[in-house]
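Trainee:
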Amino acid sequence: MSASLALDALTKTFDGADHAAVDAVSFSVAPGECLAILGPSGSGKSTVLRSIAGLDVPSSGRILVDGADVAGLAPERRGMAMVFQRPLLFPHLSVLDNVAFAATVAGQSKREARADATQFLELVQLAGFGSRPVTALSGGQEQRVALARALAARPRVLLLDEPFSALDPELRSDMHALLAAIRAQVAPTVVMVTHDRDEAAIVADRVALLKRGRLLQHDVVERLYTRPVSLDVSRLMGGRIELAGVVRDGVHESAIGRVAAPAGETWADGAGVLVVRQEAVQVAAAGASAPEGFVAVDVVVAERRARGPRAELALALTDQAADAPAGSVDGPRLTAEVPASRPLAIGERATALIPRSACTVVAG
Amino acid sequence: MLPIPGPGAAIARARPRASAARDRWMALAFVAPALLIAGFVVVGGIGMSVIQSVGLLPLVGEAEFSLDAYVANGDELLTGLALSLGIATASTVLSCVIGLAAAIIITQGRTTGRVVAALSALTIPIPHLVGAASIGLLIADSGLIPRLFGIPSAVWPDLVGGPWWVAVVLEYTWKESAFVALVVAGVLATRVARYDETAALLGASRARRLRHVVIPLATPAVIVSAIIIFVYTLGSYEVAWLLGRPYPEPLPVLAFRLFTSITLTSRPEAAAVAVVTTLVSLLVVAIGMAMLRRTPLWK
Chain A
382 MSASLALDAL TKTFDGADHA AVDAVSFSVA PGECLAILGP SGSGKSTVLR SIAGLDVPSS
442 GRILVDGADV AGLAPERRGM AMVFQRPLLF PHLSVLDNVA FAATVAGQSK REARADATQF
502 LELVQLAGFG SRPVTALSGG QEQRVALARA LAARPRVLLL DEPFSALDPE LRSDMHALLA
562 AIRAQVAPTV VMVTHDRDEA AIVADRVALL KRGRLLQHDV VERLYTRPVS LDVSRLMGGR
622 IELAGVVRDG VHESAIGRVA APAGETWADG AGVLVVRQEA VQVAAAGASA PEGFVAVDVV
682 VAERRARGPR AELALALTDQ AADAPAGSVD GPRLTAEVPA SRPLAIGERA TALIPRSACT
742 VVAG
Chain B
186 MLPIPGPGAA IARARPRASA ARDRWMALAF VAPALLIAGF VVVGGIGMSV IQSVGLLPLV
246 GEAEFSLDAY VANGDELLTG LALSLGIATA STVLSCVIGL AAAIIITQGR TTGRVVAALS
306 ALTIPIPHLV GAASIGLLIA DSGLIPRLFG IPSAVWPDLV GGPWWVAVVL EYTWKESAFV
366 ALVVAGVLAT RVARYDETAA LLGASRARRL RHVVIPLATP AVIVSAIIIF VYTLGSYEVA
426 WLLGRPYPEP LPVLAFRLFT SITLTSRPEA AAVAVVTTLV SLLVVAIGMA MLRRTPLWK
């Protein structure tokens with residue numbers, strides 16, 4: 382049930398299109414690993430998944446499963462199973478017969494197929510639902526049955542195409558937990574398409590970030606947040622702080638001053654943009670000194686936006702804001718998130734503490 | 186203490202109900218003209234036939250209730266009924282099988298599919314009468330095909346006017362299979378394509394997908410098409426009249442002959458044949474709808 386998967390310069394151009402929907406995308410997925418293909422709408426992520434499944438024929442490039450090229454193999458012979466955004470349960474079959482579908486079409490007797498399906502219904506915590514018609518299920522239950530049906534096919538690679546995006550947040554969390562439990566029990570190789578970076582961070586070991594058909598970065602989730610390789614990656618991962626400057630002798634100089642590369646890393650000399658996650662920025666009282674490994678920047682609160690239990694602050698650098706009314710400052714700004722209960726009002730002075738280890742420099 | 190709802194709450198509840206009732210009346214008002222015309226034709230036509238068939242609307246003489254018109258041509262009526270049912274059943278089964286196969290070919294999306302779709306679309310606007318005349322010119326013993334292949338009339342089977350009504354069934358099948366193909370292709374392309382992909386990804390071969398997914402999901406559309414075809418071929422006159430043999434006569438041909446007969450008393454007999462045809466059609470529609478309701482997809 383766990384095979385390795387590798388894409389080698391996969392390219393897909395649709396008939397009549399000016400540019401490739403997927404442009405020379407390469408990555409690999411280890412057996413039992415969960416990879417999230419993340420990207421905005423139109424980034425080509427679903428096309429990558431459909432190409433892996435054999436539903437779309439690539440224009441060029443190779444798809445290797447356990448090292449063997451699957452080009453020319455029909456979808457039913459690739460050993461993949463896919464769960465779509467819509468559950469697509471066969472409406473003429475009961476829940477159990479839906480899960481038993483793969484075994485039935487493989488030639489097993491109905492009794493054997495149903496016995497086999499029962500264990501997968503138990504795996505998705507729907508034991509006892511087998512005799513129900515699929516129309517008697519809720520949205521979350523339907524998606525669980527779709528997952529059980531796909532797993533019962535014992536796919537070499539399980540493909541998930543935004544399977545939880547139509548569910549409400551609570552059901553989504555349940556499905557994330559269920560997927561984690563399934564991974565712990567049967568360790569399938571999973572490739573999941575999503576446009577939700579939080580979901581990718583929760584369920585995936587690694588993320589392949591796509592934009593306009595190109596692979597921007599393929600890395601573990603944490604590094605996509607903390608070590609983006611480009612400004613595009615930083616922005617797509619929700620990074621809000623960008624400070625243009627120059628790197629000289631491994632030290633970045635910008636409006637916030639000089640920031641040296643974290644230990645063990647080197648930044649190439651030349652123009653570069655320092656990026657840092659807003660979640661890493663701490664806000665201390667005005668005049669606070671920087672602890673070891675932090676850069677202290679005097680700031681004034683320029684904007685405050687509610688984010689549920691948190692508040693997002695736009696912080697203008699004090700030397701720029703000195704003569705300007707609050708909220709009217711142009712130029713580089715910092716962003717920080719604080720608990721909503723912290724009484725930091727617009728116009729209030731403070732000190733932003735930026736951990737050096739959270740900083741990285743990318744090309745502008 | 187629980188708050189007591191004041192009159193305002195009752196008004197707020199009553200308003201949507203009143204609005205819903207008004208919407209229903211508006212909808213009925215919009216559909217009423219079409220409903221009246223259709224009702225006038227269907228109920229009026231059937232009603233007139235029933236009244237005429239039981240002797241309450243004679244062309245000459247006193248109006249008197251009688252079932253004589255139903256027994257006057259008893260043998261011909263039964264033979265005609267069996268013949269009409271045979272032609273309708275054969276045409277419906279062949280049209281559905283060929284139409285379903287054509288629909289599957291159309292939805293494959295390849296060149297053959299496009300050709301089949303174009304042929305089906307071209308077939309629809311051609312009237313049955315023109316189709317019947319063409320079939321006659323093509324496959325009669327003196328027709329184009331035997332001449333093309335140099336087959337003598339004596340050897341060529343009696344397809345037109347023969348004992349098996351082959352030309353009639355062939356004409357209906359040609360035209361109605363195109364109808365089935367387009368109706369079912371629409372369903373397959375819009376509703377079944379994603380299920381087909383899902384089944385393929387679960388390891389189902391093309392044949393297995395056809396058996397376990399495509400045909401079950403296309404069944405309601407096929408049943409609806411079959412009802413329409415059966416009722417149409419049961420009541421259609423011109424094709425059987427043009428390509429069939431003079432005797433025995435299918436029900437519509439018998440009804441038309443009696444209706445245009447110079448014997449004035451045969452008008453109620455024609456109405457009786459029409460009423461029998463209508464009853465059989467209604468029975469077939471009822472059976473078809475019951476079958477449709479039994480399909481899991483309908484539920």
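In order, the protein sequences belong to chains A and B. Throughout, the numbering used here is defined as the position within the first sequence, counted from one, plus 381. Throughout, the numbering used here is defined as the position within the second sequence, counted from one, plus 185. Where a beta carbon is used, it is the ideal one built from N, C-alpha and C, also for glycine. This structure is a prediction, so every number in the text was calculated from the model and none was measured.
1) Report back the beta-carbon spacing between residue 257/B and residue 454/B to the nearest angstrom; my notes put them in contact at under 8 Å.
2) Is the beta carbon of residue 730/A closer than 9 Å to that of residue 692/A?
3) Report the partner residues of residue 773/A according to the DSSP bridge assignment.
4) Counting only Cβ pairs nearer than 9 Å, list the residues of chain C close to residue 375/B.
5) Hey, would you say residue 279/B sits closer than 9 Å to residue 375/B, going by beta carbons?
6) What first and last residue would you give for the alpha helix (DSSP H) that runs through residue 382/A?
7) Spatial neighbours of residue 392/A within its chain, please: CB distance less than 8 Å, with the 5 preceding and 5 following residues excluded, ordered by chain position.
8) Going along chain B in order, which residues have a C-beta closer than 7 Å to the C-beta of residue 471/A?
9) Taking a contact to mean a Cβ-Cβ separation below 9 Å, would you say residue 696/A touches residue 717/A in this structure?
10) Pick from 386/B, 406/B, 471/B: whose alpha carbon is nearest that of residue 367/B?
11) From the DSSP secondary-structure annotation, give me the bridge partner or partners of residue 663/A.
12) Taking 9 Å as the CB-CB cut-off, is residue 294/B touching chain A?
13) Just reading off the alpha helix (DSSP H) that residue 599/A is part of, what are its end residues?
14) Go through its chain and collect everything with a Cβ distance to residue 561/A's Cβ below 8 Å, but skip five positions before and after it.
15) Please tell me whether residue 612/A and residue 743/A are closer than 9 Å, where the distance is taken between their beta carbons.
16) With H, G and I counted as helix, E and B as strand and the rest as coil, what does DSSP make of residue 434/B?
17) Taking only the alpha-carbon atoms, compute the straight-line gap between residue 570/A and residue 549/A and give it to the nearest angstrom.
18) For residue 318/B, name the three-state secondary structure that DSSP assigns.
19) Looking only at its chain, what residues have a beta carbon closer than 7 Å to the beta carbon of residue 250/B, apart from the 5 residues adjacent to it on each side?
20) Residue 482/B touches chain A at which residues, Cβ-Cβ below 7 Å?
21) When you compare each of 659/A, 640/A, 507/A, 698/A to residue 675/A by their alpha carbons, which one comes out closest?
22) Using the beta-carbon count (16 or more within 10 Å), is residue 210/B buried or exposed?
23) Quick check on residue 215/B: does DSSP put it in helix, strand or coil?
24) So, helix, strand or coil for residue 609/A, using DSSP?
25) Could you work out which residue in 468/B, 460/B, 483/B, 469/B is closest to residue 230/B when comparing CA atoms only?
26) Skipping 5 residues on each side, what residues in its chain have a beta carbon closer than 7 Å to that of residue 437/B?
27) Looking at the structure shown, is residue 519/A part of a helix, part of a strand, or coil, going by DSSP?
28) Considering only C-alpha positions, which residue in the set 735/A, 647/A, 525/A is nearest to residue 628/A?
29) On the DSSP bridge list, what partners appear for residue 675/A?
30) Quick one: using the 10 Å Cβ neighbour count with 16 as the cut-off for buried, is residue 546/A buried or exposed?
31) Less than 9 Å between the C-beta atoms of residue 464/B and residue 452/B, yes or no?
Mentor: If we stick to the structure as given:
1) 5 Å
2) no
3) Here chain A comprises residues numbered 382 to 745, so residue 773/A is not present and cannot be evaluated.
4) The chain labelled as chain C is not found among the protein chains of the depicted structure, namely A and B.
5) Cβ distance not < 9 Å, so residue 279/B and residue 375/B don't count as in contact.
6) For residue 382/A, there is no enclosing alpha helix (DSSP H), as DSSP marks it with neither H nor E.
7) 401, 403, 404, 405, 406, 439, 440, 441, 442
8) Under the 7 Å cutoff, chain B gives 380, 398.
9) yes
10) The option with the nearest alpha carbon to residue 367/B is 406/B.
11) 734/A
12) no
13) From DSSP, residue 599/A is part of no alpha helix (DSSP H) but of the beta strand (DSSP E) over 595 to 601.
14) 584
15) yes
16) coil
17) 26 Å
18) It is helical.
19) Hits under 7 Å: 239, 240, 241.
20) Listed along chain A, the residues sitting closer than 7 Å to residue 482/B by beta-carbon distance are 472, 473.
21) 640/A
22) Residue 210/B is exposed by the Cβ-count criterion.
23) helix
24) coil
25) 460/B
26) The answer, listed in chain order, is 420, 421, 422, 425, 462.
27) Three-state DSSP puts residue 519/A in coil, outside helix and strand.
28) Out of 735/A, 647/A, 525/A, the CA that lies nearest to the CA of residue 628/A is found in 647/A.
29) 736/A
30) exposed
31) No, the Cβ-Cβ distance between residue 464/B and residue 452/B is not below 9 Å.
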